[in-house]
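Chemist: Okay, handing you the structure first.
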DNA sequence: CTAGGGTTAG
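Residue numbers (my numbering): 15 to 590.
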């Protein structure tokens, strides 16, 4: 037995496993060693030598499979590329329910999380209660996590609330669930409740969720506090934590602080560390530093992967380093990294912004995979910037073929026509939008003032001080007009749907946030705003003027990058 | 006839 055990240890490839199994079968010992069979099963079912068809075939040879043997297969399938298979096996298994234990449920739930199978998760949930595993804290945590991952945070919260005793993992699961489910404010609130009210000590997993929420909100003050805690508690010995800190500083607008952490890490850097930092420089338009780091990485022991290339390409794109970007893109295949849709998208954007519209179009045509909506949107955007009506129409046609309902696509096409004063065509686009029930993604922005996050949506009147904010904005517009500002109306598609308020256009969220920042922070303090969409051209002009007239540094993070406005200029050099 | 299950950065 012991010798078989050690033999099994050496079976690192599937062939050797098969050989061992053949030996057991031919010597007639196979069915007398159920535990060995289980280990064999697990070896076949789980990575790194996973071969699930083989594992399931092996399983079918068993006369009366034990719970453990069932579990091995369910677990393996749950981690495989077909998690729905695990759910199917679980269902079969539940027909003989005495076989199911808490682990089976745990694996099946994991499968639901990966397959985004909400109703299956609910079914398993009710069976968990039926089978009497309802009090199992580990299972409940998994359940909570699954609900969060399949997008039902209400259910996740409910599971959490109903738990008698909660250990740190329960809190962590909900905090990261909220952070990953686009509810960063609630994630931070829960983090605070956990540490301040319940007196629980955040661990390395807790801070990851909290930092991610700070990154989303651009909540620098809160992020710094968490960083201080991390240092005090020596949680910075975990690479994963350092990576999250770097990302937080970068997304809160401080590439230098991010870089400081990067350089002073006591633990070793991994691939993600490098990628995070390169992405940080990219977001800040610091193409040279990004490329320098990419070069260093190439020399270090970590090998750039697809994300590294994407980050470096983004850096070239934001910094207008067209030649470098093209060179990098062309070098990918030679380094064994196949470009994916995102790489193609970035290069198309890079060429398009540089006015090389035809080349961008050719890149799309040369793609080995199906060009998605984003590619055509990018080309449409470039065509608009360079007033290339033919290409804009071509791209729009593609978008319509692909069934786009994005407001932006229609607006861009309309803008191209408007720029050429083709008003009939503008009207046609507007009609098409009405017919297609085009949805506009609501824009919103955040600003942190004295550690409190304020959220604004376009045309927002929900803030307690909204009258004051609107008055400030009116004052701003009045003052900057003296510097030659004139609203660019031909770029704005008016009356999109009747219910669209005039306000939404005159009082966009980023302007409101900046106005609020001017009122509520001291002179000389930089103002930081986070926006969920890309900044619009008009706001860009206005904020540049504000930075000059009010002598304030204003930092805006939009969906893709940072804009640092100072003395009437922007760090993106109007290239974004 | 053992242990194996929960939260985790780009």
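For each residue, glycine too, the CB sits at the ideal point set by N, CA and C.
Note that this is a predicted model, so its numbers are computed, not measured.
Identify whether residue 114 lies in helix, strand or coil by the three-state DSSP scheme.
Modeler: Taking the first chain and counting its residues from 1, one reaches residue 114 at position 100. Three-state result, residue 114: coil.
Chemist: Quick one: grab the DSSP three-state call for residue 228.
Modeler: Along the first chain, one-based indexing puts residue 228 at 214. If DSSP states are grouped into helix, strand and coil, residue 228 belongs with the helices.
Chemist: Answer yes if the stretch 125-135 comes into contact with the stretch 153-167, meaning at least three C-beta pairs across the two stretches below 8 angstroms, and no otherwise.
Modeler: At 8 angstroms Cβ cutoff, the stretches touch.
Chemist: Tell me the rounded alpha-carbon separation between residue 52 and residue 83.
Modeler: Here residue 52 refers to the residue found at position 38 when the first chain is read from its first residue. Here residue 83 refers to the residue found at position 69 when the first chain is read from its first residue. Cα to Cα, the separation comes out at about 5 angstroms.
Chemist: For residue 507, which of helix, strand or coil comes out of DSSP?
Modeler: Within the first chain, numbered from 1, the residue matching residue 507 stands at position 493. With a pLDDT of 47 at residue 507, under the threshold of 50, the modelled position of this residue cannot be trusted; read the value that follows with caution. Of the three classes helix, strand and coil, the one that applies to residue 507 here is coil, per DSSP.
Chemist: Verify whether the separation of the beta carbon atoms of residue 457 and residue 426 is less than 8 angstroms.
Modeler: Residue mapping note: residue 457 aligns to position 443 of the first chain, counting from 1. Residue mapping note: residue 426 aligns to position 412 of the first chain, counting from 1. Not closer than 8 angstroms, so no.
Chemist: In angstroms with no decimal places, state the Cα-to-Cα distance between residue 533 and residue 397.
Modeler: The sequence position of residue 533 within the first chain is 519, counting from 1. The sequence position of residue 397 within the first chain is 383, counting from 1. Rounded to whole angstroms, residue 533 to residue 397 spans 39 angstroms at the Cα level.
Chemist: Three or more C-beta pairs closer than 8 angstroms, one from the stretch 525-540 and one from the stretch 218-225: is that the case here?
Modeler: No: fewer than three Cβ pairs fall under 8 angstroms.
Chemist: Pull up the DSSP beta-bridge partners for residue 463, would you.
Modeler: In the first chain, counting from the first residue as 1, residue 463 sits at position 449. DSSP, once it has assigned bridges, lists 466 as partnering residue 463.
Chemist: Let's test the definition: count the other Cβ atoms within 10 Å of the Cβ of residue 539 and tell me whether it reaches 16, buried, or not, exposed.
Modeler: Translated into positions along the first chain, residue 539 becomes position 525. Residue 539 should be labelled exposed.
Chemist: Does the beta-carbon distance from residue 232 to residue 462 come in below 8 angstroms?
Modeler: Residue mapping note: residue 232 aligns to position 218 of the first chain, counting from 1. Residue mapping note: residue 462 aligns to position 448 of the first chain, counting from 1. Cβ atoms of residue 232 and residue 462: closer than 8 angstroms.
Chemist: For residue 251 and residue 242, what's the separation of their Cα atoms in angstroms?
Modeler: By 1-based counting over the first chain, the position of residue 251 is 237. By 1-based counting over the first chain, the position of residue 242 is 228. Taking the straight line from one Cα to the other gives about 14 angstroms.
Chemist: At the level of alpha carbons, what is the spacing between residue 523 and residue 480?
Modeler: Here residue 523 refers to the residue found at position 509 when the first chain is read from its first residue. Here residue 480 refers to the residue found at position 466 when the first chain is read from its first residue. So the alpha carbons of these two residues sit roughly 12 angstroms apart.
Chemist: Exposed or buried, which one is residue 468 when buried takes at least 16 other CB atoms within 10 Å?
Modeler: By one-based count along the first chain, residue 468 stands at place 454. Buried, by the Cβ-count rule.
Chemist: Who pairs with residue 372 in a beta bridge, going by DSSP?
Modeler: Position 358 of the first chain, counted from the first residue, corresponds to residue 372. Bridge partners of residue 372: none, in fact.
Chemist: Under a three-way DSSP split, which group does residue 366 fall into?
Modeler: Here residue 366 is taken as the residue at index 352 of the first chain, counted from 1. Residue state, collapsed to three classes: helix.
Chemist: Given a cut-off of 8 angstroms on the beta-carbon distance, is the pair residue 525 and residue 556 in contact?
Modeler: Position 511 of the first chain, counted from the first residue, corresponds to residue 525. Position 542 of the first chain, counted from the first residue, corresponds to residue 556. Yes, Cβ-Cβ distance for residue 525 and residue 556 is below 8 angstroms.
Chemist: Start and end of the beta strand (DSSP E) containing residue 568?
Modeler: The count along the first chain starts at 1 and reaches residue 568 at position 554. That run of the beta strand (DSSP E) goes 568-571.
Chemist: Is DSSP giving residue 542 helix, strand or coil here?
Modeler: Along the first chain, read from residue 1 onward, the residue named residue 542 stands at position 528. Strand.
Chemist: Candidates 239, 454, 279, 267: which alpha carbon is nearest residue 300's?
Modeler: Residue mapping note: residue 300 aligns to position 286 of the first chain, counting from 1. Here the closest residue by C-alpha is 267.
Chemist: Consult DSSP for residue 583 and reduce its assignment to one of helix, strand or coil.
Modeler: Locating residue 583 in the first chain gives position 569, where the first residue counts as 1. Strand.
Chemist: Would DSSP call residue 458 helix, strand or coil?
Modeler: Looking up residue 458 in the first chain gives position 444. In this structure, residue 458 counts as strand in the three-state DSSP scheme.
Chemist: Taking residue 144 as part of the alpha helix (DSSP H), name the residues at either end of that continuous run.
Modeler: Position 130 of the first chain, counted from the start, is the residue given in the question as residue 144. It spans 132-145 - the alpha helix (DSSP H) in which residue 144 sits, taken as one unbroken run.
Chemist: Give the straight-line distance between the Cα atoms of residue 560 and residue 553, rounded to the nearest whole angstrom.
Modeler: For this step, residue 560 is matched to residue 546 along the first chain. For this step, residue 553 is matched to residue 539 along the first chain. Whole-angstrom Cα-Cα distance: 10 angstroms.
Chemist: Using the Cβ count rule (16 or more neighbours within 10 Å means buried), how would you classify residue 317?
Modeler: Here residue 317 refers to the residue found at position 303 when the first chain is read from its first residue. Its Cβ having fewer than 16 others within 10 Å, residue 317 is exposed.
Chemist: Tell me the rounded alpha-carbon separation between residue 507 and residue 302.
Modeler: To locate residue 507, count along the first chain from 1; it is residue 493. To locate residue 302, count along the first chain from 1; it is residue 288. Because the pLDDT of residue 507 is 47, which lies under 50, any placement of that residue in the model is unreliable, and the number read from its coordinates should be weighed accordingly. Looking at the two C-alpha atoms, the distance is approximately 37 angstroms.
Chemist: Using C-beta distances below 6 angstroms, list every residue in its chain close to residue 185, excluding the 5 sequence neighbours before and after it, in chain order.
Modeler: By one-based count along the first chain, residue 185 stands at place 171. Excluding positions up to five away in sequence, the list reads 208.
Chemist: Should residue 120 be labelled buried (16 or more other beta-carbon atoms within 10 Å of its own) or exposed?
Modeler: Counted from its first residue, the first chain places residue 120 at position 106. Buried: at least 16 other Cβ atoms inside 10 Å.
Chemist: Sort out for me which residues DSSP pairs residue 578 with in a bridge.
Modeler: Along the first chain, one-based indexing puts residue 578 at 564. DSSP output for residue 578 lists 569 as bridge partner(s).
Chemist: Within the same chain, show all residues whose beta-carbon is closer than 6 angstroms to that of residue 584, passing over the 5 residues directly before and after it, in chain order.
Modeler: If you number the first chain from 1, residue 584 lands on position 570. Here the set comprises 558, 577.
Chemist: In whole angstroms, give me the CA-to-CA distance for residue 128 and residue 245.
Modeler: Counted from its first residue, the first chain places residue 128 at position 114. Counted from its first residue, the first chain places residue 245 at position 231. C-alpha separation (whole angstroms): 34 angstroms.
Chemist: Please say whether residue 419 and residue 451 have beta carbons closer to each other than 8 angstroms?
Modeler: Locating residue 451 in the first chain gives position 437, counting from the first residue. Locating residue 419 in the first chain gives position 405, counting from the first residue. Yes; because the gap between Cβ atoms is below 8 angstroms, this pair is in contact.
Chemist: How is the alpha helix (DSSP H) around residue 532 delimited, first residue to last?
Modeler: Taking the first chain and counting its residues from 1, the one referred to as residue 532 is at position 518. 523-534 is the span of the alpha helix (DSSP H), which, as asked, contains residue 532.
Chemist: Please list the segments of the alpha helix (DSSP H) lying wholly inside the stretch 283-368, counting only runs of 4 or more residues, in order along the chain.
Modeler: List check, alpha helix (DSSP H) in window: 285-297, 301-313, 320-333, 336-345, 355-367.
Chemist: Mind the definition here: the stretch 251-262 touches the stretch 280-294 only if three or more C-beta pairs lie below 8 angstroms; say whether that holds.
Modeler: These segments touch.
Chemist: For residue 504, which residues of its own chain have a beta-carbon under 6 angstroms away from its beta-carbon, when the five flanking residues on both sides are left out?
Modeler: Within the first chain, numbered from 1, the residue matching residue 504 stands at position 490. Confidence at residue 504 is low in this model, with a pLDDT of 46, below 50, so its placement is unreliable and the value that follows should be read with caution. Cβ within range, chain order: 432.
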